[in-house]
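A.B. asks:
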Amino acid sequence: MTTVTGRTETEAEGAEEVVGNREAGVFSRAVRTLRTHPAAPPLGALAAGLAGAAYLWGTNPHQAGQWLPRCPFNVVTGLLCPACGGTRMTYDLMHGDVVAAFHDNALLLTLGVPAAAYFGGRWLVEGLRGRRYRPKLGKAGTTVVLGTAVVWALVRNLVG
């Protein structure tokens with residue numbers, strides 16, 4: 171039997187299946203694009219950071235008994251690593267106590283937070299523009315960052 175379009179019923183059913191598969195193809199292409207788009211990683215990191223900040227807002231790391239991970243370096247050695255105090259510092263910053271945040275980790279507050287804001291912001295902006303961003307420190311930059319971290323760890327553990 172011929173339909174109004176001049177096709178047989180089986181041809182019309184086949185055409186419907188093609189349209190259905192095309193819609194499934196559009197959906198899978200959209201998911202693939204979202205997964206591979208340069209903005210996906212920075213947006214995912216931002217979402218994870220916001221979720222962590224939401225949890226930390228109500229969890230005071232200055233009080234004992236909170237469910238927060240301990241620094242593995244501190245657990246093993248008993249010494250402070252260059253990033254120790256970062257969770258307390260973040261909590262204090264979110265609650266507007268800059269002096270306490272500076273006391274928790276001065277170097278991370280003065281150098282790490284601005285650097286993370288710059289590189290994270292640049293990563294997000296470049297991703298939203300459709301470009302991938304991979305910062306390169308080079309040998310000199312890596313040496314400066316690692317040297318600063320080692321000196322800060324020594325100062326924290328020997329002086330304070």
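Under this note's numbering, the first residue of the sequence shown carries the number 171, and numbering increases by one thereafter.
Glycine residues also receive a C-beta, built at the ideal position from the N, C-alpha and C atoms.
Does the region 254 to 263 come within contact of the region 272 to 282, defined as at least 3 CB pairs closer than 8 Å?
C.D. replies: yes
A.B. asks: With DSSP as the reference, label V329 as helix, strand or coil.
C.D. replies: coil
A.B. asks: When we look at the beta-carbon of L328 and count the other beta-carbons within 10 Å, is it buried (16 or more) or exposed?
C.D. replies: Answer is exposed; the Cβ neighbour count stays below 16.
A.B. asks: From G297 to A234, what distance separates their C-alpha atoms?
C.D. replies: 40 Å
A.B. asks: Pair every Cβ in the region 258 to 272 with every Cβ in the region 223 to 233, then say whether three or more of these pairs are closer than 8 Å.
C.D. replies: Touching, yes, given that three or more Cβ pairs across the two stretches are closer than 8 Å.
A.B. asks: Quick one: Cα of L250 to Cα of R304, how far?
C.D. replies: 30 Å
A.B. asks: Taking the continuous alpha helix (DSSP H) assigned at R292, which residues delimit it?
C.D. replies: V283 to L298
A.B. asks: Between A319, W322, L263 and G291, which lies nearest to P212 when the distance is taken from Cα to Cα?
C.D. replies: G291
A.B. asks: At 3 residues or longer, and completely inside the region 193 to 233: list those beta strand (DSSP E) runs for me, N to C.
C.D. replies: none
A.B. asks: Since I believe T260 is in contact with L226 (beta carbons under 8 Å), could you give me their beta-carbon distance rounded to a whole number of angstroms?
C.D. replies: So it is a contact: roughly 6 Å between Cβ atoms.
A.B. asks: Could you check where the alpha helix (DSSP H) with Y261 kicks off and where it finishes?
C.D. replies: Looking at the DSSP string, the run of the alpha helix (DSSP H) that includes Y261 is G256 to M264.
A.B. asks: Going by DSSP in three states, A253 sits in which element: helix, strand or coil?
C.D. replies: A253 falls in the coil class under three-state DSSP.
A.B. asks: When burial is assigned at 16 or more other CB atoms within 10 Å of the CB, is A209 buried or exposed?
C.D. replies: buried
A.B. asks: Measure the C-alpha to C-alpha separation of F243 and D262 and round it to an integer number of angstroms.
C.D. replies: 22 Å
A.B. asks: Ends of the alpha helix (DSSP H) at N244?
C.D. replies: P242 to T247
A.B. asks: Please return the same chain residues whose Cβ sits closer than 8 Å to the Cβ of M264, not counting the five positions on each side in sequence.
C.D. replies: A223, L226 and W227
A.B. asks: Look at the alpha carbon of T206 and the alpha carbon of C241, and state the distance between them as a whole number of angstroms.
C.D. replies: 33 Å
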